[in-house]
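J.: For the sequence shown, position 336 (counting from the first letter as 1) is numbered 346 according to my numbering, and the numbering increases by one without interruption. This is the structure, below, for whatever I ask next.
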Amino acid sequence: MSTKPTHDERGDLTTGSIPKKLLMFSLPMIAGNLISQLYNVVDSIVVGNFVGSDALAAVSASFPIMMLFNAMFWGIAVGSGIVISQNFGAKRYDVLNKAVNTSFALVYISGIIITILGTAFSGPLLRLLGTPENIINDSTIYLAIIFAGTLGNMAYNIGGGILRGMGDSRWPLVFLSVSAVLNIILDLIFVVVFKWGVAGVAIATIIAHIVSGALVHMRINSGVYPVHVSLKSMRIEKDLAATIIRLGIPAAIQNVAMSLGSVIIQSFANRFGSNYIAANSIVQKVDGFAVVPMMAFGMALSTFVGQNVGAGKHDRAKEGIQVAMLSVTGFGLVLGTFMWFYGSYFMRAFTSNQVVLDIGFVGIRILAFFYFIMGMNQNLSGAMRGAGASVAPMVTSIAGNLIRIPVAYFIAIVPNNMFGLFWAMVASILTQFVLIFAYFRSGHWRNFSVVQHEEEPVAAAQA
Numbered sequence: 011m012s013t014k015p016t017h018d019e020r021g022d023l024t025t026g027s028i029p030k031k032l033l034m035f036s037l038p039m040i041a042g043n044l045i046s047q048l049y050n051v052v053d054s055i056v057v058g059n060f061v062g063s064d065a066l067a068a069v070s071a072s073f074p075i076m077m078l079f080n081a082m083f084w085g086i087a088v089g090s091g092i093v094i095s096q097n098f099g100a101k102r103y104d105v106l107n108k109a110v111n112t113s114f115a116l117v118y119i120s121g122i123i124i125t126i127l128g129t130a131f132s133g134p135l136l137r138l139l140g141t142p143e144n145i146i147n148d149s150t151i152y153l154a155i156i157f158a159g160t161l162g163n164m165a166y167n168i169g170g171g172i173l174r175g176m177g178d179s180r181w182p183l184v185f186l187s188v189s190a191v192l193n194i195i196l197d198l199i200f201v202v203v204f205k206w207g208v209a210g211v212a213i214a215t216i217i218a219h220i221v222s223g224a225l226v227h228m229r230i231n232s233g234v235y236p237v238h239v240s241l242k243s244m245r246i247e248k249d250l251a252a253t254i255i256r257l258g259i260p261a262a263i264q265n266v267a268m269s270l271g272s273v274i275i276q277s278f279a280n281r282f283g284s285n286y287i288a289a290n291s292i293v294q295k296v297d298g299f300a301v302v303p304m305m306a307f308g309m310a311l312s313t314f315v316g317q318n319v320g321a322g323k324h325d326r327a328k329e330g331i332q333v334a335m336l337s338v339t340g341f342g343l344v345l346g347t348f349m350w351f352y353g354s355y356f357m358r359a360f361t362s363n364q365v366v367l368d369i370g371f372v373g374i375r376i377l378a379f380f381y382f383i384m385g386m387n388q389n390l391s392g393a394m395r396g397a398g399a400s401v402a403p404m405v406t407s408i409a410g411n412l413i414r415i416p417v418a419y420f421i422a423i424v425p426n427n428m429f430g431l432f433w434a435m436v437a438s439i440l441t442q443f444v445l446i447f448a449y450f451r452s453g454h455w456r457n458f459s460v461v462q463h464e465e466e467p468v469a470a471a472q473a
């Protein structure tokens, strides 16, 4: 008999060494998140170096609107991830298969809606934000093309989330790697060779998304997993859809709140001109790369907690949270120190405009020593979602925005100090951490499993 482990044994996070399980599960997710960042970073490098800083600002100005429209999908993805990981942990494979098909059906319906609305209203929304006239045309072109390719992006993200919920973080990495390489090649062809500008960057991105979406769909149907997706089976099961939506609505509201906050902050940033917009874009890109390992640990922890809560192992879930918190704290402190001294070198890959670089380097230094707080926020929010307590991250995120926006107005807009926008971000980060940590300590997150175990007490256990 073969001793090769079955998929269930490899993907089962409810047994074995917690540090080892979390590390091995999170490593492909760290690599995957780094590659995911490449989509935006390569776009920015190509645009900044081969088109210009105005074009870079045009691409950056479109991101808050993209985030706002994707909020609907994000809610479905989060709700689906909770249901899938908990049922996989409980080994309820019949429910798992129905949940996977329901998730795909919901995503494709919402994707069609986002495609239509996003493509139709790209220009008016950008003008509503006060996007500068010198970049409005390029921003509109980029945003409309990206929205036209929404379904491909959604197919990969929901499919990759399903695989990770079943404990497989390796194949999503493989498909994302293929997509990233394709994206880089097409970027260079469309922008450098064909001179298509921001339109070429957007077209390259959506083609890469479509390829990764097709690959992940094929993998799910490979026969390795206890699920199968087809047009015939892809129907909405009312009870499961209701659970997914109930769990996902807080995440969707959270994403809408974050996106609206970003839209408002972007409108503040627009007042400082295209140099600041470009600098802020570069800070976000470098910052995104820097915090990838901590974000990946948060994603891994969400699945870990989901599987263990589904299996009725709340104490193991809590221990995993503690291991992850210690890990990201240490990593975040080391990373912050490194970025304080060497962050400027990474920024030079995006542009040679010294004014943009000077602004961006100040922003990186302001944020650098709060990376460990960002990491703890990501981990605790992911853990609470995995447990089914998705309202808590929503509340903390909204609270962070309620602090960030007025702080930004009074320390950036009123005194005309562009760097106040970065300090407003710090205020938001600290607010979110205090609230989410207090909720974790309360222990109420133990009561939200979608898989009920008769032997478990209903009352909240001590955290």
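Beta carbons are placed, not taken as given, at the ideal position from N, Cα and C, and that holds for glycine. Note that the structure is a prediction, hence the values are computed from the model and not measured.
Under DSSP, the alpha helix (DSSP H) around lysine 295 begins and ends at which residues?
T.: Looking at the DSSP string, the run of the alpha helix (DSSP H) that includes lysine 295 is 284-300.
J.: State the Cα-Cα distance for the pair valine 117 and isoleucine 86, rounded to the nearest angstrom.
T.: So the two alpha carbons sit approximately 7 Å from each other.
J.: Work out the CA separation of tyrosine 381 and threonine 441 for me, nearest whole Å.
T.: Whole-angstrom Cα-Cα distance: 14 Å.
J.: If you reduce the DSSP assignment to three classes, tell me which class arginine 456 lands in.
T.: Arginine 456 falls in the helix class under three-state DSSP.
J.: Determine the burial state of lysine 323: buried for a count of at least 16 other Cβ atoms within 10 Å of its Cβ, exposed for fewer.
T.: With 16 or more Cβ atoms within 10 Å of its Cβ, lysine 323 is classed as buried.
J.: Check whether the region 204-216 touches the region 140-156, taking contact to mean three or more Cβ pairs, one atom from each stretch, closer than 8 Å.
T.: Counting Cβ pairs under 8 Å, three or more are found: they touch.
J.: Let me know the alpha helix (DSSP H) ranges lying completely inside the region 17-55, each 4 residues or longer, listed in chain order.
T.: Correct list: 17-21.
J.: What does the alpha-carbon distance come out to for the pair alanine 279 and proline 303?
T.: So the alpha carbons of these two residues sit roughly 28 Å apart.
J.: Please classify isoleucine 246: does DSSP put it in a helix, a strand, or coil?
T.: Isoleucine 246: coil per DSSP, three-state reduction.
J.: Straight-line CA distance for leucine 173 to glycine 223?
T.: Each residue's Cα considered, the two are about 13 Å apart.
J.: What is the C-beta distance between alanine 418 and phenylalanine 458, in whole angstroms, given that I count them as a contact (C-beta under 8 Å)?
T.: With a Cβ gap of about 33 Å, alanine 418 and phenylalanine 458 do not count as contacting.
J.: Going along the chain, which unbroken runs of the alpha helix (DSSP H) with 4 or more residues stay wholly within the region 403-458?
T.: Entirely contained in the region 403-458, the alpha helix (DSSP H) runs reaching 4 residues are, in chain order, 430-452.
J.: Kindly give me the distance between the Cβ atoms of alanine 434 and methionine 428, rounded to whole angstroms, as I take these residues to be in contact under 8 Å.
T.: At roughly 11 Å, the Cβ-Cβ gap does not stay under 8 Å, so alanine 434 and methionine 428 are not in contact.
J.: If distances are taken between C-alpha atoms only, which option among Leu32, Leu66, Val57 and Val56 comes closest to isoleucine 287?
T.: Isoleucine 287 has its Cα closest to that of Leu66, out of Leu32, Leu66, Val57 and Val56.
J.: What are the boundary residues of the alpha helix (DSSP H) that includes tyrosine 235?
T.: Counting along the chain, tyrosine 235 falls outside any alpha helix (DSSP H), and DSSP gives it neither H nor E.
J.: Which residues bound the alpha helix (DSSP H) around lysine 108?
T.: Taken as a continuous stretch (DSSP letters only), the alpha helix (DSSP H) holding lysine 108 covers 103-138.
J.: Report, in whole angstroms, the separation of the C-beta atoms of glycine 91 and glycine 170, which I expect to be a contact under 8 Å.
T.: Incorrect: roughly 10 Å between the Cβ atoms, too far for contact.
J.: How would you call leucine 241, buried or exposed, if buried means at least 16 neighbouring beta carbons within 10 angstroms?
T.: Under this definition leucine 241 is an exposed residue.
J.: In its own chain, which residues sit with a C-beta less than 7 Å from the C-beta of isoleucine 40, not counting the 5 before and 5 after it?
T.: Around isoleucine 40: Val302, Pro303 and Ala306.
J.: Assess contact between the region 383-401 and the region 306-316, defined as three or more Cβ pairs (one per stretch) separated by less than 8 Å. Is contact present?
T.: Yes: the two stretches touch, three or more of their Cβ pairs being nearer than 8 Å.
J.: Looking at the structure shown, is alanine 154 part of a helix, part of a strand, or coil, going by DSSP?
T.: Alanine 154: helix per DSSP, three-state reduction.
J.: Does the separation of the CB atoms of proline 38 and leucine 183 fall below 8 Å?
T.: In contact: proline 38 and leucine 183 (Cβ atoms closer than 8 Å).
J.: If we count the other Cβ atoms within 10 Å of its Cβ and call it buried at 16 or more, is asparagine 111 buried or exposed?
T.: Counting Cβ neighbours within 10 Å, asparagine 111 comes out buried, since at least 16 surround it.
J.: Would you check if the distance between the CB atom of phenylalanine 79 and the CB atom of glycine 128 is smaller than 8 Å?
T.: Yes; because the gap between Cβ atoms is below 8 Å, this pair is in contact.
J.: Expressed to the nearest angstrom, what Euclidean distance is found between the alpha-carbon atoms of alanine 448 and isoleucine 413?
T.: If I take the Cα positions, the gap works out to 18 Å.
J.: Return helix, strand or coil for methionine 164, following the three-state DSSP convention.
T.: In the structure shown, methionine 164 sits in a helix (DSSP, three-state: H, G or I).
J.: When DSSP labels each residue in this structure, what does threonine 141 get in the three-state scheme?
T.: Threonine 141 falls in the coil class under three-state DSSP.
J.: Mind checking whether tyrosine 166 and histidine 238 have CB atoms under 8 Å apart?
T.: Contact: no.
J.: Could you tell me whether any non-hydrogen atom of the ligand GTP is closer than 7 Å to the CB of lysine 31?
T.: With respect to small molecules bound, the structure shown includes none, and the ligand GTP cannot be examined in it.
J.: Does the contact criterion of 3 or more C-beta pairs under 8 Å hold for the region 129-143 versus the region 255-267?
T.: No, because fewer than three Cβ pairs between the region 129-143 and the region 255-267 fall closer than 8 Å, the two stretches do not touch.
J.: Which class does valine 461 belong to by DSSP, given the choice of helix, strand or coil?
T.: Reduced to three states, the DSSP call for valine 461 is coil.
J.: Is there a C-beta anywhere in chain D that falls below 8 Å from the one on phenylalanine 450?
T.: In the displayed structure, chain D is absent; only one protein chain is listed.
J.: Run through DSSP, which three-state label would aspartate 181 get?
T.: Here residue 181 is tryptophan; the residue named in the question, aspartate, does not match the sequence. Helix at tryptophan 181.
J.: Please determine, among Ile376, Leu250, Lys295 and Gly283, the residue with the shortest C-alpha to C-alpha distance to valine 105.
T.: Valine 105 has its Cα closest to that of Leu250, out of Ile376, Leu250, Lys295 and Gly283.
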